[in-house]
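Colleague:
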Amino acid sequence: MSIFIYHKLIEDKNNKGYILNLYLDPSLVEFSRELDAMDDEQKEAMLGKSIKDYIKDNFKNLKINTVKIMIGSILIATISFTVSAVEVTAASPAQSLASHAVVQKDRILINGQEYNFSQAPLVINGITYVSIDDIIRMFGAQVWWNDQSQTVGINKGSIKIAFILGSGKARVNGKQVGMNPSFVYNGKTMVPLRFVSESLGMTVKWDGDTKTITIASPDFPAGTPAETFTYTVKPGDSLWKLANQFNTSVDKLKSLNNLSGDMIYVGQLLKISLNTSGQAPKETSKTQSENTVTYISYTIKPGDSMWDLSIKYGIPMAELLKVNNMNENSLLSVGQKIKIPVHNIAVQERVSEKHGEYLDWWTEAQYVFPINKVATVTDFQTGRTFKIKRTTGAFHADCEPLTARDAAIIKEVWGGSYSWTERAVIVVVDGRKIAASMSSMPHDVEYIKDNNFNGHFDLHFRNSTRHKDGMISQAHQAQIRIAAGV
């Protein structure tokens, strides 16, 4: 996924080549802020591969002398760069697909139940796409990634599906078949719903009159009275808790849902046996309150900028611009009134006092733990605590130890040296405990200068992604589930 959204090519007659202006995605304002704090050598090291890939994908037989990195009309970096006679390749299906996506408005039923998607399904050329996260929850499938080859795998029972991101081919139990290419949208991998469903043995039907897609597993034939009902797993649920709640046993739940282990996920659909009266047992768990967004009015004062206001109110700058119908080039005037979104994130039930809330990064956690917020972190395994500050980061939280003592504790927790190893942690913010995963390796830009920590570290929450490719790290997600107890 390129970090650049478009370019301008300017002939450089003096040096017999071209000057290339590359424009950063406006949603990466935090990333441009990191670049601004780097020297030229650091900027070139960070951007070199992205620039080369962009030139390779867009130009042929051109000599590029200078590359200028822009966000809107603002120059972020100037890099001397020479690439000539680069063979151009066509834009990948994944790149072109996302630009034609529209939100799916039709109903989607899974075994008779309407599913609540974490990422709204998309329709492209009549093909419905859903996120890989929803595939996990809808079908109880397991998903794996290979970062180097960009390969995605979906396993359920004896069925194994594998494909390369953006490819028009896949392997189902080792046999090569055609598929509509997958792509990344809003940081999530989107896959064709019909292809995955049918490959997993489901039947898929479209009712044009009711605008409904119906997906049924082999043991849920249409027209047959159901002996089970479908339950959506909630935060804090476990097989033991559900067995007690619905007067059944853990073994029966596992058998009914073809589960080999005790792990279940929030949003996963489970079949629960009906009681003798043919009715679904009445749920006793508390209904969770919903997240809400309200707006306040703010009057622009001398010296204000949208970036500073986004930090002050804990709102991503891209979101603040969007709700005010503005872009990064929009000018502010003293006395102008703008809207500030205020996200009210509902407190979720936790499995135990030791565990944290299982908050989604994009819709919840980034608002509870905004930039410049200080938090206390507890290592889930050892119980040791230290303080951190979120200093930047859009796809996940980039944080720094608050003091040199906190940095020393982090090093001790990671066995005496900083590393990329992921560990389950609990992040305490304003009294709320949130499940997260942390690696301790210092890297790139830093803002706290006296903490004996040269850079920042990565802190991931549910569904957060990597900066480098916009993909979810399954290693981090596994640690987050440990911290949440799900």
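Okay, so the sequence shown: first residue is 958 according to the numbering used here, each after it adds one.
Idealized CB from N, CA, C, for every residue including glycine.
If we count the other Cβ atoms within 10 Å of its Cβ and call it buried at 16 or more, is GLY1442 buried or exposed?
Modeller: GLY1442 is buried by the Cβ-count criterion.
Colleague: Could you tell me if GLY1235 is buried or exposed, where buried requires 16 or more neighbouring beta carbons within 10 angstroms of its beta carbon?
Modeller: Any reading at GLY1235 is ruled out, since the residue's pLDDT is 41, under 50, leaving its predicted position unreliable.
Colleague: Are the CB atoms of ILE1093 and LYS1222 within a distance shorter than 9 Å?
Modeller: Note that residue 1222 is Tyr in the sequence shown here, rather than Lys. Yes, the pair counts as a contact, with Cβ atoms nearer than the cut-off.
Colleague: Just mark ALA1322 as buried or exposed, buried being the case when its beta carbon has 16 or more other beta carbons within 10 Å.
Modeller: So ALA1322 ends up on the buried side.
Colleague: Could you name the residues of the same chain whose beta carbon sits closer than 6 Å to that of HIS1424, not counting the 5 residues immediately before and after it, in chain order?
Modeller: PHE1352.
Colleague: Buried or exposed for LEU1288, going by 16 or more other Cβ atoms inside 10 Å?
Modeller: By the 10 Å Cβ count, LEU1288 comes out exposed.
Colleague: Mind listing, in chain order, the continuous alpha helix (DSSP H) runs of no fewer than 4 residues lying wholly within the segment 1079 to 1148?
Modeller: Complete alpha helix (DSSP H) runs here, min 4: 1089 to 1096.
Colleague: Consider the Cβ of SER1206: report whether some Cβ of chain B lies at a distance smaller than 9 Å.
Modeller: The question asks about chain B, but that chain is absent: this structure has only one protein chain.
Colleague: What's the gap between the Cα of GLY1313 and the Cα of VAL1304?
Modeller: Between GLY1313 and VAL1304, the C-alpha separation is close to 11 Å.
Colleague: Helix, strand or coil, according to DSSP, for ASP1363 in the structure here?
Modeller: Note: ASP1363 maps to helix in three-state DSSP.
Colleague: Could you pull out every unbroken alpha helix (DSSP H) segment of at least 4 residues lying fully inside the segment 1267 to 1307, listed in chain order?
Modeller: If we require 4 residues or more, the alpha helix (DSSP H) runs fully inside the segment 1267 to 1307 come out as 1274 to 1280.
Colleague: Is MET1428 helix, strand or coil when you go by DSSP?
Modeller: The answer is coil: DSSP assigns MET1428 none of H, G, I, E or B.
Colleague: Starting from the N-terminal side, write out each stretch of the beta strand (DSSP E) that is 3 residues or longer and does not extend beyond the segment 1343 to 1411.
Modeller: Correct list: 1354 to 1358, 1380 to 1386 and 1389 to 1395.
Colleague: CA-CA distance, ILE1437 and SER1396?
Modeller: Near 12 Å, if we compare the C-alpha coordinates of SER1396 and ILE1437.
Colleague: Using a Cβ-Cβ cutoff of less than 7 Å, which residues in the same chain neighbour ASN1214 once the five nearest sequence positions on both sides are dropped?
Modeller: Around ASN1214: GLY1097, LEU1227 and LYS1228.
Colleague: Inspect the beta-carbon positions of PHE1414 and ILE1391 and report whether they are closer than 9 Å.
Modeller: Contact flag unset, no.
Colleague: What do you reckon, are the CB atoms on ILE1302 and LEU1316 nearer than 9 Å?
Modeller: Contact: yes.
Colleague: Determine the direct distance from the alpha carbon of SER1139 to that of LEU1122, and round the result to whole angstroms.
Modeller: Spanning the two alpha carbons is a distance of roughly 6 Å.
Colleague: With a CB to CB cut of under 6 Å and the five nearest residues on each side skipped, what residues in its chain are close to ASP1401?
Modeller: Excluding positions up to five away in sequence, the list reads GLY1412.
Colleague: Let me know the secondary structure DSSP gives SER1206 once reduced to three states.
Modeller: The answer is coil: DSSP assigns SER1206 none of H, G, I, E or B.
Colleague: Pick out whichever of ALA1173, ILE1067, ASN1130 and TYR1270 has its Cα sitting closest to the Cα of ILE1295.
Modeller: The candidate whose alpha carbon is nearest that of ILE1295 is TYR1270.
Colleague: Out of ASP1014, VAL1153 and GLY1144, state which residue places its alpha-carbon closest to the alpha-carbon of VAL1134.
Modeller: The shortest Cα separation from VAL1134 among ASP1014, VAL1153 and GLY1144 belongs to VAL1153.
Colleague: According to DSSP, is LYS1228 helix, strand or coil?
Modeller: Three-state DSSP puts LYS1228 in a strand.
Colleague: Kindly indicate the opening and closing residues of the alpha helix (DSSP H) around LEU979.
Modeller: No alpha helix (DSSP H) contains LEU979, which is instead part of the beta strand (DSSP E) from 974 to 981.
Colleague: To the nearest angstrom, how far is it from the Cα of GLY1218 to the Cα of LYS1211?
Modeller: Approximately 8 Å between the Cα atoms of the pair.
Colleague: Taking just the CA atoms, how far does LYS1117 sit from THR1046?
Modeller: Note that THR1046 scores a pLDDT of 34, beneath 50, so its modelled location is shaky; the value from the coordinates is reported in the next line. Taking the straight line joining both Cα atoms gives about 31 Å.
Colleague: From the DSSP output, read off the bridge partner residues of ARG1419.
Modeller: Paired residue(s): ASP1317.
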